[in-house]
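Numbering (the numbering used here), first residue to last: 2 to 264.
Following: one structure in structure tokens, then a few remarks.
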């Protein structure tokens with residue numbers, strides 16, 4: 002069980018106090034996700050030119066947010082940011098100390114976070130002849146996204162076709178640094194909730210809806226939950242939030258008890 006948390010930023014001019022509020026929401030979401038994973042924490046900040054900053058450490062979120070590097074990275078939040086993505090890792094496969102096993106995972110031009118387990122990942126790395134730098138199964142998602150982003154833009158339908166071969170549990174957030182104004186959200190058979198704020202033109206997301214409730218506190222009335230059914234891929238253009246392009250997201254669902262479910 003891992004936790005994803007983040008904010009997708011629409012194209013909008015924001016004053017400093019608004020950026021401070023959004024920074025605070027993201028930090029609270031990250032800390033709350035510690036409940037879902039205490040072995041490592043990571044964040045990435047991407048702007049509309051494809052520049053990015055990535056920070057990962059083998060510590061729980063409550064320690065991570067106290068790092069000077071965390072303050073420096075989140076302090077650079079500005080009006081040209083498109084995505085602030087975070088992850089709290091619960092280690093099942095792969096060394097905790099090896100930072101390449103922590104999320105966000107970068108492969109080529111793509112960055113991804115994921116929650117779940119792909120039981121046949123080793124087989125699929127061989128099938129698709131993908132190189133590998135980490136030990137975790139979720140690297141497969143970033144690798145396949147990059148494989149289908151030869152022009153910079155992730156070819157969503159081809160990417161989803163390759164994911165159909167997976168067996169397990171998947172929800173993920175993916176973006177290409179060469180197409181940073183597009184964010185792909187994969188909501189499979191692991192929880193992921195998205196709320197939109199019309200005033201700030203942002204989407205906040207988290208693996209647990211309760212975490213959004215707590216992080217946003219008394220301003221919940223300013224947010225609208227986006228209807229994203231399970232087994233759906235949503236593609237967001239940050240210049241047109243909250244519009245989304247929807248695609249079916251199919252793979253073989255498999256529980257921790259090794260029970261196979263229908264596609």
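We put the beta carbon where it would ideally sit given N, CA and C, even for glycine.
Residue i (DSSP reduced to helix, strand or coil)
| i | result |
| --- | --- |
| residue 116 | strand |
| residue 70 | helix |
| residue 221 | helix |
| residue 1 | This structure does not reach residue 1, given that the chain is present from 2 up to 264, and the question cannot be answered. |
| residue 139 | coil |
| residue 261 | Bear in mind that the predicted position of residue 261 carries a pLDDT of just 48, short of 50, making it too unreliable to give a figure here. |
| residue 187 | strand |
| residue 62 | helix |
| residue 100 | helix |
| residue 247 | strand |
| residue 13 | coil |
| residue 18 | helix |
| residue 237 | strand |
| residue 91 | coil |
| residue 122 | helix |
| residue 146 | helix |
| residue 76 | coil |
| residue 131 | coil |
| residue 54 | strand |
| residue 25 | helix |
| residue 213 | helix |
Through-space distance from residue j to residue i, alpha-carbon basis
| i | j | result |
| --- | --- | --- |
| residue 121 | residue 97 | 21 Å |
| residue 258 | residue 138 | At residue 258, the pLDDT of 48 sits below 50, so the modelled position is not reliable; the number obtained from the coordinates is stated separately. Approximately 18 Å between the Cα atoms of the pair. |
| residue 214 | residue 221 | 7 Å |
| residue 218 | residue 230 | 25 Å |
| residue 63 | residue 179 | 32 Å |
| residue 130 | residue 145 | 10 Å |
| residue 201 | residue 78 | 14 Å |
| residue 1 | residue 106 | Because residue 1 is not part of the residues shown, which for the chain are 2 to 264, the question remains open. |
| residue 75 | residue 46 | 8 Å |
| residue 128 | residue 170 | 19 Å |
| residue 104 | residue 140 | 9 Å |
| residue 164 | residue 251 | 7 Å |
| residue 149 | residue 209 | 30 Å |
| residue 253 | residue 16 | 45 Å |
| residue 262 | residue 126 | Note on residue 262: pLDDT 47, under 50, position unreliable in the model; the coordinate value appears next. Each residue's Cα considered, the two are about 23 Å apart. |
| residue 235 | residue 73 | 31 Å |
Among the options, the one whose alpha carbon lies nearest that of residue i
| i | options | result |
| --- | --- | --- |
| residue 37 | 236, 49, 48, 207 | 207 |
| residue 224 | 203, 169, 246 | 203 |
| residue 110 | 129, 83, 143 | 143 |
| residue 32 | 242, 4, 152, 135 | 4 |
| residue 80 | 255, 172, 13 | 13 |
| residue 48 | 11, 25, 23 | 11 |
| residue 59 | 30, 85, 91 | 91 |
| residue 198 | 243, 239, 247, 191 | 243 |
| residue 185 | 254, 84, 134, 118 | 84 |
| residue 87 | 101, 117, 102, 55 | 55 |
| residue 196 | 172, 205, 189, 190 | 205 |
Proximity test, residue i beta-carbon vs the ligand PLP heavy atom, cut-off 8 Å
| i | result |
| --- | --- |
| residue 16 | This structure simply doesn't include the ligand PLP, nor any ligand for that matter. |
Of all the alpha helix (DSSP H) runs that stay within the bounds of the segment 152-201, which reach a length of 4 or more residues?
Those alpha helix (DSSP H) runs which fall completely within the segment 152-201 and span 4+ residues are 157-164.
Using 8 Å as the cut-off, can you tell me whether the segment 13-22 makes contact with the segment 154-167, which would need three or more C-beta pairs spanning the two stretches below that distance?
With a cut-off of 8 Å, the segment 154-167 and the segment 13-22 do not count as touching, because too few Cβ pairs lie within range.
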